[in-house]
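Here is the structure we will look at.
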Amino acid sequence: PYGVLDPRDRFSMLAEGIAESSLGRDEHIYVDGFTDFTEQEILVLEAFLKKGSEMTICLTCGGLEGEEDIFELPRRTAGRFVRFARERGIPVTISTKEGDAKNRAPELVFLERELFAYSDAHYTEECSAVALYKAESLTAECEMAAAKILELVRCCGYRYRDISVVAHGWEKYESIAENIFEKYGVPAVFS
């Protein structure tokens, strides 16, 4: 609706609109790519659940039980949805897909285990699955990322859609990365 400037208001209005519409009946909604949701996004998802929509929400958390770790936030989010559904008599199925440590590079298994452990553990074996690079500028970083992506696609059989670039403070990188990726012919969706 016109005149609604705050994006949070749009989600609240959408949730109200779902409740009053036929939208959401006999539909299966898939939600993926989130670790957490804003209160307004939760209102929308809960509105679909109240309407009887089947919903699959994919979260990286390894189940509802666990110690505090990097997956605590998505684990709490999953728990909230499970409680919401159960309180309303909505059937819940929880599926977990554990990573197969036997088929993963040992240095990645080590990194996952130690990343936020704040220990003095060191990986002492040969390391080929993790590489650190130092660049002199954001432009040099983006050029290095573009070159690595092209190498993975041209030499290693990856597809562009298999690759993600993640950076802390993405707003500093976005316009530079967009220009560099275009210059090198690397297709990308920036968000």
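Quick note on this note's numbering: the sequence shown kicks off at -12 and runs consecutively. Where is the CB? At the ideal position from N, CA and C, for every residue including glycine. Bear in mind that the values here come from a model prediction, so they are computed numbers and not experimental data.
1) Counting C-beta neighbours from all protein chains within 10 Å, is the total for V117 16 or more, i.e. buried, or is it exposed?
2) In three-state DSSP terms, what is E41?
3) Taking 7 Å as the limit between beta carbons, can you name the residues of its chain near S(-1), skipping five residues before and five after?
4) State buried or exposed for R62, treating a residue as buried only when at least 16 other CB atoms are found within 10 Å of its CB.
5) Give me whichever residues DSSP pairs with V18 in a beta bridge.
6) Once you ignore the five residues that flank T43 on each side, which residues in its own chain have a CB closer than 6 Å to its CB?
7) Determine, using beta carbons only, whether K38 and L10 come nearer to each other than 9 Å.
8) For the alpha helix (DSSP H) that I167 lies in, which residues bound it at each end?
9) Less than 9 Å between the C-beta atoms of A133 and V173, yes or no?
10) With 16 other CB atoms within 10 Å as the buried threshold, where does Y160 fall?
11) Looking at C129: is its Cβ nearer than 9 Å to the Cβ of I81?
12) What would DSSP say about P78, mapped onto helix, strand or coil?
13) What is the C-beta distance between V140 and R146, in whole angstroms, given that I count them as a contact (C-beta under 8 Å)?
14) Can you give me the Cβ contacts of E101 inside the same chain, cut-off strictly under 7 Å, excluding the 5 residues immediately before and after it?
15) Let me check understanding here. Comparing Cα to Cα, which of G66, G20, V152 and R91 lies closest to G50?
16) Does the distance from the CB of P40 to the CB of E14 come in under 9 Å?
On the basis of the coordinates in this document:
1) Sequence index remark: in the sequence shown, residue 117 carries index 130 (1-based). By the neighbour-count rule (16 or more Cβ atoms within 10 Å), V117 is not buried but exposed.
2) The residue given as residue 41 occupies position 54 in the sequence shown. Collapsing the DSSP output to three states places E41 in a strand.
3) Position 12 of the sequence shown holds residue -1. Once the five neighbours on either side are set aside, the close Cβ partners of S(-1) are Q27 and L30.
4) Here residue 62 refers to the residue found at position 75 when the sequence shown is read from its first residue. Answer is buried; the Cβ neighbour count reaches 16.
5) The sequence position of residue 18 within the sequence shown is 31, counting from 1. BP columns for V18 point to I44.
6) On the sequence shown, residue 43 is found 56 positions in, with the first residue counted as 1. Excluding residues up to 5 positions away in sequence, Y17 lie with their Cβ nearer than 6 Å to the Cβ of T43 in the same chain.
7) Locating residue 38 in the sequence shown gives position 51, where the first residue counts as 1. Locating residue 10 in the sequence shown gives position 23, where the first residue counts as 1. Yes, these two residues count as a Cβ contact at 9 Å.
8) As a first step, residue 167 must be located in the sequence shown, where it is residue number 180. W157 to Y171 is the extent of the alpha helix (DSSP H) around I167.
9) Looking up residue 133 in the sequence shown gives position 146. Looking up residue 173 in the sequence shown gives position 186. Yes. Within cutoff.
10) The sequence position of residue 160 within the sequence shown is 173, counting from 1. So Y160 ends up on the buried side.
11) Taking the first residue of the sequence shown as position 1, residue 129 is located at position 142. Taking the first residue of the sequence shown as position 1, residue 81 is located at position 94. Pairing C129 with I81 gives a Cβ-Cβ distance that is not under 9 Å.
12) Here residue 78 corresponds to residue number 91 of the sequence shown, with the count starting at 1. Note: P78 maps to coil in three-state DSSP.
13) Counting from 1 along the sequence shown, the entry for residue 140 is found at position 153. Counting from 1 along the sequence shown, the entry for residue 146 is found at position 159. Contact holds; Cβ gap of about 7 Å.
14) Residue mapping note: residue 101 aligns to position 114 of the sequence shown, counting from 1. The residues are A108.
15) The sequence position of residue 50 within the sequence shown is 63, counting from 1. It is G66.
16) As a first step, residue 40 is located in the sequence shown; it is residue number 53 there, counting from the start. As a first step, residue 14 is located in the sequence shown; it is residue number 27 there, counting from the start. Going by the sequence as given, residue 40 is Ser instead of Pro. Contact flag set, yes.
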